[in-house]
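In what follows, a single structure is set out as structure tokens and then discussed.
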Amino acid sequence: MADSLCGGGVSDEKDPENDDQKGVKCPWAAATISRKTDVFGSAAKMTETLGYSDDSDEPSLLRFMCAELTRGYFLEHNEAKYTERRERVYTCMRIPRELERLMIFGIFLCLDAFLYVFTLLPLRTLLAFLRLLTIPCCGLGGSRFLQPAQVCDLLKGLIMVLCYSMMHYVDYAMMYHLIRGQSVIKLYIIYNMLEVADRLFSSFGQDILDALYWTATEPKSRKRAHIGVIPHFFMAVFYVFLHAILIMVQASTLNVAFNSHNKSLLTIMMSNNFVEIKGSVFKKFEKNILFQMSNSDIKERFTNYVLLLIVCLRNMEQFSWNSDHLWVLLPDVFMVIMSEVAVDIVKHAFITKFNDITADVYSEYKASLAFELVSSRQQNAYTDYSDSVARRMGFIPLPLAVLLIRVVMSSVKIQGALSSVCLLLFYLGLITMKVLNSIVILGKSCHYVKEANMEGKLFERPTAQTSKQTPKKPFPPAPPPVTEVTSDPPPDSPPKPEESSSETPQSTELKHRTTKKDLLEIDRFTICGNRIG
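Under full-length UniProt numbering, think of the first position of the sequence shown as 1, with each following residue one higher.
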């Protein structure tokens with residue numbers, strides 16, 4: 001039976017090697033042989049991976065230790081993962097450089113807006129006031145008494161004068177000793193509350209000022225939908241005065257920390273910056289939110305510089321302007337600045353790491369800030385560049401300028417003709433510094449705009465606003481195109497591919513420009529009256 005099926009089993013038993021060479025005739029025999037070879041092959045591979053030799057009978061501890069010591073692995077099998085990890089490390093290494101470039105550019109923008117209050121705003125206010133006085137003599141040359149920009153300059157000048165006169169009734173020395181009598185824990189809590197209040201005041205204060213500017217310059221032909229210019233003006237004065245007092249309390253607290261003997265309060269206030277890392281690093285951030293946080297960090301750093309300047313002025317006054325005491329203050333000032341820089345670098349490095357954001361995003365942020373500065377220099381600009389900086393970063397220079405003028409006037413006594421001449425020279429020096437700073441940042445802004453290929457938007461943006469406003473008028477002529485389309489169905493078929501073809505490049509352009517367009521449309525404090533004139 002076996003002979004008939006297999007064709008000679010005796011010969012197979014005698015010469016198994018010849019059968020393997022010639023080929024197995026039985027199908028089940030071939031299957032068994034293939035299974036044996038698979039088992040032997042897998043066993044051989046297992047012994048190779050475990051490091052055992054072929055002549056090994058049983059695994060032992062010595063062989064296991066030899067296998068563990070000689071075992072290898074190949075990183076190129078997961079090349080994409082390790083390349084991504086390396087790029088993350090390089091991104092973290094690039095963050096300090098790119099972040100500090102953005103910070104320096106933003107600080108110079110804040111400095112330009114801050115110097116504008118001291119240099120060009122008084123001159124513009126004086127010109128607007130002379131224009132207001134000469135109106136009865138020269139007559140009305142147009143429909144407006146004053147241009148919208150001149151009205152805003154007059155309002156800013158009046159707010160500055162009124163708030164400065166009100167700040168004379170606030171005693172800085174009494175506030176300093178009142179704060180110094182508190183315990184360290186109370187001062188730490190007070191300083192945290194002041195930081196939160198400063199952000200809240202900044203967010204609501206620019207809305208108050210913009211509402212005042214728009215109420216004062218709104219065309220009279222429109223329907224009145226406001227409470228009047230005078231209530232808005234008093235609200236703005238009240239806000240600037242309260243914000244100036246808040247910054248004064250913050251500067252006094254920092255001054256107490258500098259003058260404490262054991263520097264414990266200063267250490268606690270510096271450690272408060274590191275608490276900020278815990279609250280922001282482990283959150284999900286998008287590019288737009290990171291842009292807002294970067295602007296807030298720029299504003300916070302510039303405000304700290306001005307507060308440190310106020311602290312140095314007050315201390316130098318108390319020590320009769322002795323230069324030796326300045327060298328005592330400089331190490332603490334340097335320590336505060338470096339702690340702020342270190343916290344910002346660590347915070348942004350880990351935020352970009354956890355959210356897979358590249359370091360090139362800070363170049364986009366610089367380009368968007370530069371675009372706003374360049375567009376505000378055009379003839380058809382809808383706002384002043386100092387107001388655009390305030391809306392973008394939350395930096396409102398009026399309260400800080402009022403406080404700095406109050407501190408400088410109380411610290412420096414101006415008596416005699418020589419002091420007046422020195423004051424005039426100092427004012428001319430500020431104007432020179434303002435002009436040079438404006439030239440430098442304007443040149444840098446043009447360079448950043450060219451690098452980002454955003455030159456065309458400088459001319460497209462005003463036309464886009466007019467096109468958005470024009471459809472409001474021709475509402476009645478809208479139905480005729482609909483009747484034409486419905487009356488002629490055959491001609492409608494060929495234009496459809498044209499419309500689709502014309503829409504596809506626009507959609508692709510929108511996809512490519514979504515990030516930059518979103519950055520340009522971000523407005524920290526947006527109200528309906530922020531387009532003046």
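Every residue gets a Cβ at the ideal spot worked out from N, C-alpha and C, and that includes glycine.
Note that this is a predicted model, so its numbers are computed, not measured.
Report task. Between the Cα of Met166 and those of Ala244, Leu458, Tyr116, spot the shortest distance and give me the residue it belongs to. Result -> Ala244
Requested in this report: Could you pull out every residue in the same chain whose Cβ sits closer than 6 Å to the Cβ of Asp344, ignoring the five residues on either side in sequence?
Outcome: Asp297
Report task. For my contact list, Tyr305 and Arg101 are in at a C-beta cut-off of 8 Å; report their separation, rounded to the angstrom. Result -> Contact flag wrong, Cβ pair sits at about 18 Å.
Query raised in the report: What is the DSSP secondary structure of Phe108, reduced to helix, strand or coil?
Result: helix
**Report entry** Tyr73 to Pro96 span [Cα, whole Å]
**Finding:** 35 Å
Query - Integer-rounded CB distance, given that Ser410 should sit under 8 Å from Tyr172 - result: 7 Å
Query raised in the report: How many angstroms separate the CA atom of Thr303 from the CA atom of Ile159?
Result: 21 Å
Query raised in the report: So is Gly228 buried or exposed if we call it buried at 16+ other beta carbons inside 10 Å?
Result: exposed
**Report entry** Rounded separation between Ser339 and Met269 - CA only
**Finding:** 10 Å
Query - Start-end ranges of the alpha helix (DSSP H) lying completely within the stretch 263–347, minimum 4 residues - result: 264–280, 287–318
Query raised in the report: Just to confirm, does Arg85 get its C-beta within under 7 Å of one of the non-hydrogen atoms of the ligand HEM?
Result: Ligands displayed in this structure: none; no statement on the ligand HEM is therefore possible.
Query raised in the report: Comparing alpha-carbon positions, which option in His261, Tyr365, Lys287 lies nearest Asp332?
Result: His261
Query raised in the report: Ala113 and Pro399: beta carbons closer than 8 Å?
Result: no
**Report entry** Local Cβ density within 10 Å of Gln415, reported as buried at 16 or more and exposed below that
**Finding:** exposed
Requested in this report: Please check the pair Leu242 and Leu307, which I expect to be a contact at CB under 8 Å, by giving their CB distance rounded to whole angstroms.
Outcome: Wrong, their Cβ atoms sit about 17 Å apart, outside the cutoff.
Query raised in the report: Rounded to a whole number of angstroms, what is the C-alpha to C-alpha distance between Ala417 and Tyr427?
Result: 15 Å
Requested in this report: Would you check if there are 3 or more beta carbon pairs closer than 8 Å linking the stretch 347–367 to the stretch 283–291?
Outcome: yes
Requested in this report: Specify the secondary structure class of Gln206 as computed by DSSP and reduced to three states.
Outcome: helix
Query raised in the report: Where does Lys434 sit, in a helix, a strand or coil, going by DSSP?
Result: helix
Query - Length-filtered (3 minimum) beta strand (DSSP E) runs lying within the stretch 350–425 - result: none
Query raised in the report: Is the number of C-beta pairs between the stretch 103–120 and the stretch 419–438 that are closer than 8 Å three or more?
Result: yes
Query - Cutoff 6 Å; reference Met393; Cβ partners in own chain excluding five residues on either side - result: Asn295, Ile298, Lys299
**Report entry** Three-state class that DSSP yields for Arg86 in the structure shown
**Finding:** helix
Query - Member of Lys413, Val389, Asp207, Ile208 whose CA lies at the smallest distance from the CA of Ile107 - result: Val389
Requested in this report: Taking only the alpha-carbon atoms, compute the straight-line gap between Cys163 and Gly456 and give it to the nearest angstrom.
Outcome: 42 Å
Query raised in the report: Which same chain residues, not among the five before or five after Gln182, have their C-beta less than 6 Å away from its C-beta?
Result: none
Requested in this report: Can you say whether Ile351 is buried or exposed, counting buried as having 16 or more other CB atoms within 10 angstroms of its CB?
Outcome: buried
Query - For Thr215, the three-state DSSP class (helix, strand or coil) - result: helix
Query raised in the report: If you check the beta carbons only, do Asn272 and Asn192 fall under 8 Å apart?
Result: yes
**Report entry** Span separating the alpha-carbon of residue 547 from that of Ile441
**Finding:** In the structure as shown, the chain begins at 1 and stops at 533. Residue 547 is therefore absent and cannot be evaluated.
Query raised in the report: Taking C-beta to C-beta, are Phe105 and Lys444 nearer than 8 Å?
Result: yes
Query raised in the report: So, is Glu87 buried or exposed, given that buried needs 16 or more other C-beta atoms within 10 angstroms?
Result: exposed
Query raised in the report: Span of the alpha helix (DSSP H) holding Pro122?
Result: 120–133
Report task. Pull up the CB-CB distance for Cys92 and Lys353, whole angstroms please, since I reckon it's below 8 Å. Result -> 6 Å
Report task. Might you give, ordered along the chain, the residues of its own chain that have their beta carbon closer than 6 Å to the beta carbon of residue 534, omitting 5 neighbours on each side? Result -> Residue 534 falls outside the range modelled here, since the chain spans only 1 to 533, and no answer is possible.
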